[in-house]
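In mature numbering (1 follows the signal peptide of the UniProt record, and there is no 0), the protein residues as written are -19 to -1, 1 to 898.
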């Protein structure tokens, strides 16, 4: 979330802000009251949610440190935390305030132990808000001609949805590795990515493009491989947003709390496990160091203080050992969020930033001294933070931040929100790009998805006469970084808008790349078809259109983050532009840059529309990555990471954007497991383009398919192992003097400190209103737990399926092989007809070359979440098999293996039966 969003919600509340400023005693008492109320601060009880959707209490917060591969880090942290003062502990758990440090988020420090202020920085596709410098470095040719007055020294990578469209685990990892290298080079301790929530339940959802696609397995691999790459550099990755943040509008509480509560995502237990938390569990298994909690409620309880989500699922069932942070201003109480398992408050401010008010900081010190928050909970929170710092080696010569997210200048205020701030070196202009443009170009190219190619229109000859239409082919004439956080739709769409963006060092526009390759190119930089054009026989028209979305703090063309105004249609008159070109030219190629599915029915079947390319969101390499494909240097190998429907109402009404409701918007996930292709298949609705669809310039065959059993099938996994030991500390309340203001200390105004005025006067009263169901007695370990991500047996390989892929065409190319699971026909469980469970991408295959691809199916892949036993179960059948369908998407499945007979064959009738349109 950006600074702009704060002002949007603050504008109607100026009078309240002024009252708090003029009455500091009132401001302090207001925050303290919210601390003492614990469960929800001044909000009080949340609105009732529909029957069956329950946010059960789960207390106390399970301590970390019991997973073996974190043992060494926790041992180091235990030594440090045992010797910390109360002030030092609180300092590390609380942000210093918005604009109170160089990064978008900054913790306090514990310098006695060598722990600096930790730097938290967006985004999931690059280092956001980095400084620019005068152009003075060499750019990769031929991009050097694109230079402007300033030069950004980070890479603007392709967005998550683009990465998902590659279906390449190698590229997922390589992009993560490059992201982490740039974060470390900038001195970022905690990078705020990757994004696996939203999952993409709502096609109009504003931030779907930050994730990897509308399927939990695709999201899981994208997230896990990104995390592995990022953390290879010692950077702490942050998987976000946990959980149910599927719509942007109404996602936040309106300030002050009580005017309107954040949207409640009402999700049943099975759906939460099998869809929305699946990629988070995989991220935890991959060793992610941090998790960001979402703004919204789940089942009527705010994510930031939802004890079932944080304590029960993340920390107990999934065995998460790292730190849980709030999204920016998502924290809505002090005691309540602490007891529910929150470990780090970001950016530290309370209801209203820039006033020096907080739910934690000095209030958390108070809560420890008065007994409302157990010391054990604070000890665990700070231990998790310090252990994560050690786990990734940040005690070993890790760089400090060398940039400012607040200014491009070399020097400036250290704390821009302070009334009076000292001056610091703010930017050192450290270039961290190295050769990451190559990684970015590889991802962008392999994501390009060819949806239609009649008469082999593509690839083009460089001698073709090309007429290019649409502003999306060129750059924003006001500058590639002219719009704050990309919150406009001007020029080629390389990313959506919001905090998930980064500044472009350059943006290689398609028109520039096309002109570098082709000799006869005319560009009409307009979204209205020009008058007076005469098409000449042989002319080829290329029409560039796009569809944008982003974070809710900004509105673009009437879209409130989500695609609330345009729906699933192109921005800027794009559909009409295609139709006009198709009426004039005999050959039209449509290139689409988009955040997600768009409706193409107005023009897809027009005779002139010969080819359609989805280039997704390519980041800085929009140009060469596209020309690599359209001129045939590479064969396209991208596949759709979502379905494209014929009409938006082909989806269930429950996945539409939810409108205003007084007090609290209710968003009930009544469709359960049935989103995207799962819903379309169940209801026999034919999409225009199915999940996984993607054409190539060559052809492939899949043969010699085999299946083997690896682990004996049982209905439930082996019993989990007991938890290991966790750090133990003294339970004695620290001396109040530990949070007294140090003698002679010069405080920065509005900076959030752990210190308390007259701490000796604070005593425990024992009259706290704790959340319903609060308990200090630990719960029995959940049967589905046992290690990071859950019971380790869930990842036992049950079946291994192999298939030989051969390039039977005329040019080299890559193929994606996807495996979809069909449950036994006699299963009593309601399950989607097919579900993606594994995928692999081949290397580049020369003509007639082959590669054997092996796809592994785990216990979890076969399992269903049983809400009664609270465990994963496999519906084992003695008479009906699991069927494993293999193909390149949901629309053309004809090969399958069966679990009982171990037989594999092709030429089978697809399990997906839909009537013809």
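No residue lacks a Cβ here, since even glycine has one placed at the ideal position from N, Cα and C.
In this structure, DSSP gives residue 824 a state outside helix and strand, which the three-state scheme calls coil.
Uninterrupted beta strand (DSSP E) stretches at least 3 residues long and entirely within the region 517 to 602 occur at 521 to 528, 569 to 575, 590 to 595, given in chain order.
The C-alpha of residue 383 lies about 52 Å from the C-alpha of residue 682.
Around the beta carbon of residue 741, a 10 Å sphere encloses fewer than 16 other beta carbons of the protein chains shown; the residue is thus reported as exposed. The criterion of a C-beta distance shorter than 8 Å is not satisfied by residue 608 and residue 554. Going by DSSP, residue 142 is part of the alpha helix (DSSP H) stretching over 141 to 147.
Sixteen is the threshold: since fewer than 16 other Cβ atoms of the shown chains lie within 10 Å of the Cβ of residue 92, the residue is exposed. A Cβ-Cβ distance of about 17 Å is found for the pair residue 186 and residue 175, leaving them out of contact under the 8 Å criterion. Among the bridge pairs identified by DSSP, residue 645 is matched with 242.
For residue 462, same chain residues with a beta-carbon under 6 Å away, outside a window of 5 residues either side, are 484, 485 in chain order. Straight-line measurement puts the Cα of residue 184 at about 21 Å from the Cα of residue 254.
Between residue 429 and residue 321, the gap from beta carbon to beta carbon reaches 8 Å or more.
Going by beta carbons, residue 294 and residue 258 fall inside the 8 Å limit. In this structure, residue 260 places its C-beta atom within 8 Å of the C-beta atom of residue 200. Membership of residue 309 in any alpha helix (DSSP H) is not indicated, and neither H nor E is assigned to it by DSSP. Taking 8 Å as the cut-off, the Cβ atoms of residue 798 and residue 867 count as close. For residue 464, the secondary structure class from DSSP, reduced to helix, strand or coil, is coil.
Spatial neighbours of residue 168 in its own chain (CB-CB distance under 7 Å, excluding positions within 5 residues in sequence) are listed in chain order as 100, 380, 381, 382, 383. Distance from the Cα of residue 369 is smallest, within the candidate group 246, 893, 96, for 96. Following the DSSP letters along the chain, one finds residue 158 inside the alpha helix (DSSP H) bounded by residues 150 to 167. One alpha carbon belongs to residue 717, the other to residue 350, and they sit about 7 Å apart. Counting the other CB atoms within 10 Å of its CB gives residue 397 a total of 16 or more, which places it among the buried residues. Here the C-alpha atom of residue 148 lies approximately 58 Å from the C-alpha atom of residue 746.
In the three-state DSSP reduction, residue 254 falls in the helix class (H, G or I).
Here residue 91 carries a strand assignment [DSSP, helix/strand/coil]. As the crow flies, the alpha-carbon of residue 275 is around 49 Å from that of residue 565. Pairing residue 209 with residue 197, the inter-Cα distance amounts to about 18 Å. In the three-state reduction of the DSSP assignment, residue 211 falls in the helix class. Spanning the alpha carbons of residue 409 and residue 134 requires a straight line of approximately 11 Å. Here the region 744 to 760 makes contact with the region 39 to 46; the two share three or more CB pairs at distances below 8 Å. By the 16-neighbour rule on beta-carbons within 10 angstroms, residue 419 is exposed. By the Cβ test, the region 626 to 635 is in contact with the region 567 to 582, since at least three Cβ pairs between them sit closer than 8 Å.
Boundaries of the alpha helix (DSSP H) harbouring residue 370: 356 to 372, taken from the DSSP string. Comparing C-alpha distances from residue 315 to each of 785, 489, 341, 332 shows the shortest one belongs to 341. Under the 10 Å beta carbon count, residue 372 is surrounded by 16 or more other beta carbons and is classified as buried.
In the three-state scheme derived from DSSP, where H, G and I count as helix and E and B as strand, residue 395 is classed as coil.
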